[in-house]
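*Asks:*
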Amino acid sequence: MAWFYTVLGAVLIAAGLVDVFQTLLHPGGRGKLSRLVTRAVWAAGRIAGGPVRSIVGPLAIGAVVTMWVVLEVLGWALICLPYVPDGFSYSPGLEPTAYPDAAEALYISLVTISTLGFGDVVATDGGLRLLLPLESLTGFALLTAAVSWFLQIYPALARRHVLAIRLAMLERTEYARILDSADDTSSSRMLEILARDFIQLRVDLMQNPETYYFHEPAAEILLPAPLVHAYELGRRARQSRRHDLRLAGELLTAALDDLAFFLRSEFGGPGESPVEIFRSLGVSRGED
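Take 8 as the starting number for the sequence shown in the numbering used here and just add one per residue.
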């Protein structure tokens, strides 16, 4: 059975590390396990509703990090299990036979991955003495990965908030009505800025898809109303007699089309036109 525990443990360790790599280092954020956990937390948050839904994004990230830690701890515990207790030296006063082997292996794995190093149980088997320092390095890597993930997510959310506030201000000032009245190029420059911001939003969602599940009503760009309003700005600009404004409108519309179909392909929902997709996604997020 020793080989079975070793192989199973190696599979769990590899699954966790591969998911960390795909989630944080792959340009598309393609961690399959992390996506399953995130979507499960999102579904549970929708069912719970109320305050829970407002913190489902941070909860999902915490659940994913916990999943990574559990996979690594269990994987290394399985590798240690065949060597408990004969492959370890115990401090005076500890009786190895007083604890189940599985619980002892789990304790060793937890202490090692957390880099606490109590020193009450020390590996004496030659292979384990070489392998267990790697578990400590894995624990340090997981801590670094979790901190790096938060550092990636919150700048993306901040950019989303800036775009949401800009759109809200344009809507309050009825910018769509006066879009074609100015003779200068300020209106076309504004639409080009919006197009650039929507392209950035699409890239942020591709690289950090978990940010989609952050629900912050004070500045939520993924509500259907701001997106539909931006689409209306592009439509009106395309009807302008000014070449620069028509071109800016085409650019904004293209950016919104790309965002809409990306959202549908990545996060699901019905709808054929971008406006239908935006509205359906708002309903699916409970934000219609």
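From the three backbone atoms N, C-alpha and C, an ideal C-beta is built for every residue, glycine too.
Does the separation of the CB atoms of V321 and S96 fall below 8 Å?
*Replies:* The requested residue 321 does not occur in the structure, where the chain is confined to residues 8 to 295.
*Asks:* Let me check understanding here. Comparing Cα to Cα, which of R167, G241 and R245 lies closest to V282?
*Replies:* G241
*Asks:* My output table needs one value for Y219: the three-state DSSP class, helix, strand or coil.
*Replies:* Correct three-state label for Y219: helix.
*Asks:* Quick one, which of R166, Y106 and L81 has its alpha-carbon nearest G146's?
*Replies:* L81
*Asks:* List the DSSP bridge partners of A84.
*Replies:* None, per the DSSP bridge assignment.
*Asks:* So what does DSSP say about F147, is it helix, strand or coil?
*Replies:* In the structure shown, F147 sits in a helix (DSSP, three-state: H, G or I).
*Asks:* So what's A175 in DSSP terms, helix, strand or just coil?
*Replies:* helix
*Asks:* Please name the residue or residues paired with Y97 in a DSSP beta bridge.
*Replies:* DSSP links Y97 through a beta bridge to V128.
*Asks:* Would you report the Cα separation of D268 and A148, rounded to the nearest angstrom?
*Replies:* It should be noted that the sequence gives Phe, not Asp, for residue 268. Cα-Cα distance, rounded: 35 Å.
*Asks:* Among the residues of its own chain, which have a CB less than 7 Å from the CB of F221, if the five just before and after it don't count?
*Replies:* G64 and L164
*Asks:* Quick check: the Cα distance between L66 and D187, rounded to an integer number of angstroms?
*Replies:* 45 Å
*Asks:* Tell me whether S116 is buried or exposed, calling it buried when 16 or more other Cβ atoms sit within 10 Å of its Cβ.
*Replies:* buried
*Asks:* If D239 sits next to A202, beta carbons under 8 Å apart, how far is it from one beta carbon to the other, in whole angstroms?
*Replies:* Residue identity check: residue 239 is Glu in the sequence provided, not Asp. Between A202 and E239 the Cβ distance is about 14 Å, and since that is not below 8 Å, they are no contact.
*Asks:* With distances taken from CA atoms, which of G100, Y106, R196 and H33 is nearest D251?
*Replies:* R196
*Asks:* Check the C-beta distance from L259 over to L177 and give it rounded, since I have them as a contact under 8 Å.
*Replies:* Going by Cβ atoms, the distance from L259 to L177 rounds to 12 Å, so no, they are not a contact pair.
*Asks:* By DSSP, does Q214 sit in helix, in strand, or in coil?
*Replies:* helix
*Asks:* Which class does A202 belong to by DSSP, given the choice of helix, strand or coil?
*Replies:* helix
*Asks:* Cβ of H236 within 8 Å of Cβ of L288?
*Replies:* no
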